[in-house]
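All residue numbers for the sequence shown refer to our numbering, where the first residue is 102 and numbers rise by one.
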Amino acid sequence: MRLKKSSIAVLAALTMVIAGCSHGLGGRMSGDGTAASTVTFSVTDIPPEYNDMINQARNPATRSILPNAPFNSSSGLNFVLTGTSNSGKKIDTAVSVSNSPPYTFSVDLDPYVWDLTLTAYKGLVADNKKALIGHCTIDLTKGNGAATFQMSIKGLTTPGTVKITGSVTDTDLICDSYEIGIYNLYSGELVTEYTDPATTPPATHQSNAQQSYDTVLPRVTPSTFHYGDTSVTPTPDPVVTLNAGAYEYRMVFYKGTGLNKTPIGSYSDTIVVYPANDLDKSLGEIDVLNRKPTKPENLRAYLEDKSEDKDPNYYYVKLTWDPSRFETNYELKVQTSSNDGTTFPPTDDKIYGFKATNSTAEDFLASSIWHDGSLAYGSKTCTIKLQLGKVYEVSLQARNYIGASDWVERLVEGPTTSAPVTGHTYFEAAAGKHINRRRIHYDLNHGTLKLDAGVPSTPQNTFTVEYSEYDSYDGTPKPLPLLHIQPSTTTPLAGVTTLTRPSATPPAVSEWRKWLNPNDGAGVTAALPTPPTPITGIYKHENVFLKADFGFGLEGTVTITGPQDIPTNKLKITYDEEHGTTNTPILATPPGSNLYPVPKLTNSNATWITVQFNGLATPADYDNLHCTAYFASGAGLMSKVDLQATGNICKFSTGDYTPQRFTLKVMAEETATHQMRSRTYIIELY
102 MRLKKSSIAV LAALTMVIAG CSHGLGGRMS GDGTAASTVT FSVTDIPPEY
152 NDMINQARNP ATRSILPNAP FNSSSGLNFV LTGTSNSGKK IDTAVSVSNS
202 PPYTFSVDLD PYVWDLTLTA YKGLVADNKK ALIGHCTIDL TKGNGAATFQ
252 MSIKGLTTPG TVKITGSVTD TDLICDSYEI GIYNLYSGEL VTEYTDPATT
302 PPATHQSNAQ QSYDTVLPRV TPSTFHYGDT SVTPTPDPVV TLNAGAYEYR
352 MVFYKGTGLN KTPIGSYSDT IVVYPANDLD KSLGEIDVLN RKPTKPENLR
402 AYLEDKSEDK DPNYYYVKLT WDPSRFETNY ELKVQTSSND GTTFPPTDDK
452 IYGFKATNST AEDFLASSIW HDGSLAYGSK TCTIKLQLGK VYEVSLQARN
502 YIGASDWVER LVEGPTTSAP VTGHTYFEAA AGKHINRRRI HYDLNHGTLK
552 LDAGVPSTPQ NTFTVEYSEY DSYDGTPKPL PLLHIQPSTT TPLAGVTTLT
602 RPSATPPAVS EWRKWLNPND GAGVTAALPT PPTPITGIYK HENVFLKADF
652 GFGLEGTVTI TGPQDIPTNK LKITYDEEHG TTNTPILATP PGSNLYPVPK
702 LTNSNATWIT VQFNGLATPA DYDNLHCTAY FASGAGLMSK VDLQATGNIC
752 KFSTGDYTPQ RFTLKVMAEE TATHQMRSRT YIIELY
């Protein structure tokens, strides 16, 4: 609540205080025997102490919960005038103050110099609950007089009560409980007790300043709250009682109850309690709850060009999206079809994210599909590995500690995306929204394939063992012609694809005749799925395997692509302290897995990890070692660290990183082929 000028004006009109005053005392003598005088007292202005309390309420925060007006027709205040004259005569009488401005009362006093006190009591005078007090000195030796009382709270610590009600906006219907407390404005400690000065000696009682409640079911928005409200049924709230002063009022809202509750919003205010005042305020509707994240937008998928079989039997798909709001991380759902995309069994769905925010999600950075990027807060892209010959679909949602957004499927656009990515080809999101890449693998059966026989042979256009092409299935079957092979005697040969094989008998060169299904030797005229799938003459999603026939029928063996990973026996990975000499081998645990535990400390010092070649041939079959580590910290924010080798040795410290699982990718050049090979380790730093 904000302190408004109108509130001050009303408080000014209704607040009563008496400032000390002296009326013509210089050279006066005491009473001369004349009759008593009628004195009219007026009560005006906001006392300085009230201003102090209001300023005190303003300074710590922009809001303040101020007391109800201390005096009106229904306030229940009773006024008593007491005093002593310079003759020793005393007065102790109840007075009646008008209920509307100007606030005045009149009494008859003998013609002396009087020192007077006006006290306002809450309820019965006998209860001694002082709410306001004022003092004044007046000289009546020369006749009737008048004085202005300014009531004050100075020196009064009479307890008051607090009752707060209101509601909180709960758009996501997630608020299960709340806790309200009143705290010392400066120390921040909970006010657990109050002192009642009306007793001798003053007694100490429980304040009931901390109260917790579950929200009313069924959940609605706004959701109501109450504090110190004795009208609540069936169980009234305990009365909150505090000594006069300024305090911090604090509310915390939770998702969940008991030990499993999570804070989802808070509200803090400064509250002013006046002596013997029953503060009863409604905060109205406040909007302070955090919310579930908004959903990400414009999810797109791109094929990383020429990524097929970089990891054998896989290809890379780059996902991009427009970020959501309020997320701590994203979660990726990958659905795998059991057929051509018609059926996606829910049991095959995988959700990747962060265990910290979703215990049922698979850790994305340690997963088999991760290739690059992150699902952490603020990320806009990641690259995943998908298997050739299968149909996938992906969707994305944002998550925070409150909940998750709706799942977002890929954006449906035209054949050309409005957001091209260099080095990538857009996967058009047709009606089926399929992601697929399949391999058409040709076993050349000891023949030589020239993609353009009219130019000199190069490694780019001439193949002697195998050859593969790749294509995608978007949900619509379509014919796929195979390699169009022509005789090597064709004239001219420019642009002509030939496939020949040396022969021990005339003719010296055998020409390709047809493609065979390597499983049953049947001739194949169009790209067919691998049996036993009975689909004829159309291209769908499966990988295709074919073998060249040169007129001899099915013979020979199918050549399998050589390894793309660096063999494990060619690498040595160890750990030790920085200048240690033990160099303990890092072993997969359990054996056969790809999880390598490493202690964060070795002999109480930061652990250093060393990667180097091991058992290389002569001349060396691998060179140019390079390492890249992908660390995760806090909410899973990825930190990519390139570790350049010195003398084909990568050595780095784990000292800057918290215990976690991180990915270590080791790369090297295979000298025979000049191709980069790699091996990935999942390091469990504990």
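Beta carbons: idealized from backbone N, C-alpha and C, even for Gly.
These numbers were taken from a predicted model, which means no experiment stands behind them.
{"Asked": "Count the other C-beta atoms from every protein chain shown that fall within 10 angstroms of the C-beta of E494, then say buried if there are 16 or more, exposed otherwise.", "Found": "buried"}
{"Asked": "Return the chain-ordered ranges of every beta strand (DSSP E) run that is complete within the stretch 398-425 and spans a minimum of 3 residues.", "Found": "398-405 and 415-423"}
{"Asked": "Considering only residues of the same chain and omitting the five flanking positions on each side of L672, which have a CB-CB separation below 7 Å?", "Found": "V712, F714, N715, V767 and R780"}
{"Asked": "Short of 8 Å in beta carbon distance, which residues of its chain neighbour S308, apart from the five on each side in sequence? Order them along the chain.", "Found": "I283, V292, T293, E294, Y295, V341, T342 and L343"}
{"Asked": "Drop a sphere of 10 angstroms on the beta-carbon of K382, count the other beta-carbons inside from all chains shown, and report buried for 16 or more, exposed for fewer.", "Found": "buried"}
{"Asked": "Could you tell me the alpha carbon to alpha carbon distance between S418 and R392, rounded to whole angstroms?", "Found": "Checking the sequence, you will find Val at residue 418 rather than Ser. Looking at the two C-alpha atoms, the distance is approximately 32 Å."}
{"Asked": "Counting beta carbon pairs with one atom in the stretch 231-245 and one in the stretch 215-223, are three or more of them shorter than 8 Å?", "Found": "yes"}
{"Asked": "Taking 6 Å as the limit between beta carbons, can you name the residues of its chain near G366, skipping five residues before and five after?", "Found": "F354, V389, L390 and N391"}
{"Asked": "Check L476 in the structure and name its three-state DSSP category.", "Found": "coil"}
{"Asked": "In terms of residue numbering, what span does the beta strand (DSSP E) encompassing H306 cover?", "Found": "A304 to Q307"}
{"Asked": "How is A769 classed by DSSP in three states: helix, strand or coil?", "Found": "strand"}
{"Asked": "Over what stretch of residues does the beta strand (DSSP E) that includes I281 continue unbroken?", "Found": "S278 to N285"}
{"Asked": "Report, in whole angstroms, the separation of the C-beta atoms of L60 and L433, which I expect to be a contact under 8 Å.", "Found": "The requested residue 60 is not part of the displayed model; the chain covers only 102 to 787."}
{"Asked": "In whole angstroms, what separates the C-alpha of M252 from that of H327?", "Found": "33 Å"}
{"Asked": "Find the nearest neighbour of T336 within the set G576, A347 and D315, judged by alpha-carbon distance.", "Found": "D315"}
{"Asked": "When burial is assigned at 16 or more other CB atoms within 10 Å of the CB, is K641 buried or exposed?", "Found": "buried"}
{"Asked": "What did DSSP end up calling L788 once you bin it into helix, strand or coil?", "Found": "Nothing about residue 788 can be read from this structure; the chain reaches only from 102 to 787."}
{"Asked": "Can you check whether the CB of H525 is closer than 8 Å to the CB of D450?", "Found": "no"}
{"Asked": "Would you verify that the beta carbon of Y502 is, or is not, closer than 8 Å to some beta carbon of chain C?", "Found": "This model lacks chain C altogether; it includes just one protein chain."}
{"Asked": "Looking only at C-alpha atoms, which of V492, V645, P588 and P580 sits nearest to D544?", "Found": "V645"}
{"Asked": "Tell me which same chain residues have a C-beta within less than 7 Å of the C-beta of G385, skipping the five on either side of it?", "Found": "G267"}
{"Asked": "Going straight from the alpha carbon of L696 to that of Y415, what length do you get?", "Found": "21 Å"}
{"Asked": "According to DSSP, is T669 helix, strand or coil?", "Found": "helix"}
{"Asked": "Quick one: what's got a C-beta closer than 8 Å to N245's C-beta in the same chain, skipping five residues either side?", "Found": "S138, T139 and V140"}
{"Asked": "Below 8 Å CB to CB, which residues in the same chain sit around N440 once its five sequence neighbours on both sides are set aside?", "Found": "V492"}
{"Asked": "Taking only the alpha-carbon atoms, compute the straight-line gap between K264 and D193 and give it to the nearest angstrom.", "Found": "35 Å"}
{"Asked": "What are the partner residues of E567, as DSSP defines its beta bridges?", "Found": "D544"}
{"Asked": "Out of I783, T185 and R351, which has the shortest C-alpha to C-alpha gap to P691?", "Found": "I783"}
{"Asked": "Run the CB neighbour count on K190, radius 10 Å, all protein chains shown included, and call it buried at 16 or more, exposed below.", "Found": "exposed"}
{"Asked": "In whole angstroms, give me the CA-to-CA distance for W613 and Y723.", "Found": "37 Å"}
{"Asked": "Per DSSP, what are the beta-bridge partners of V610 in this structure?", "Found": "P603"}
{"Asked": "If T703 sits next to E678, beta carbons under 8 Å apart, how far is it from one beta carbon to the other, in whole angstroms?", "Found": "4 Å"}
{"Asked": "Please identify the residue among I166, G622, D743 and P578 whose C-alpha is closest to the C-alpha of Y69.", "Found": "This structure does not reach residue 69, given that the chain is present from 102 up to 787, and the question cannot be answered."}
{"Asked": "Please classify Q776 as buried or exposed, where buried requires at least 16 neighbouring CB atoms within 10 angstroms.", "Found": "exposed"}
{"Asked": "Helix, strand or coil for G261, going by three-state DSSP, please let me know.", "Found": "strand"}
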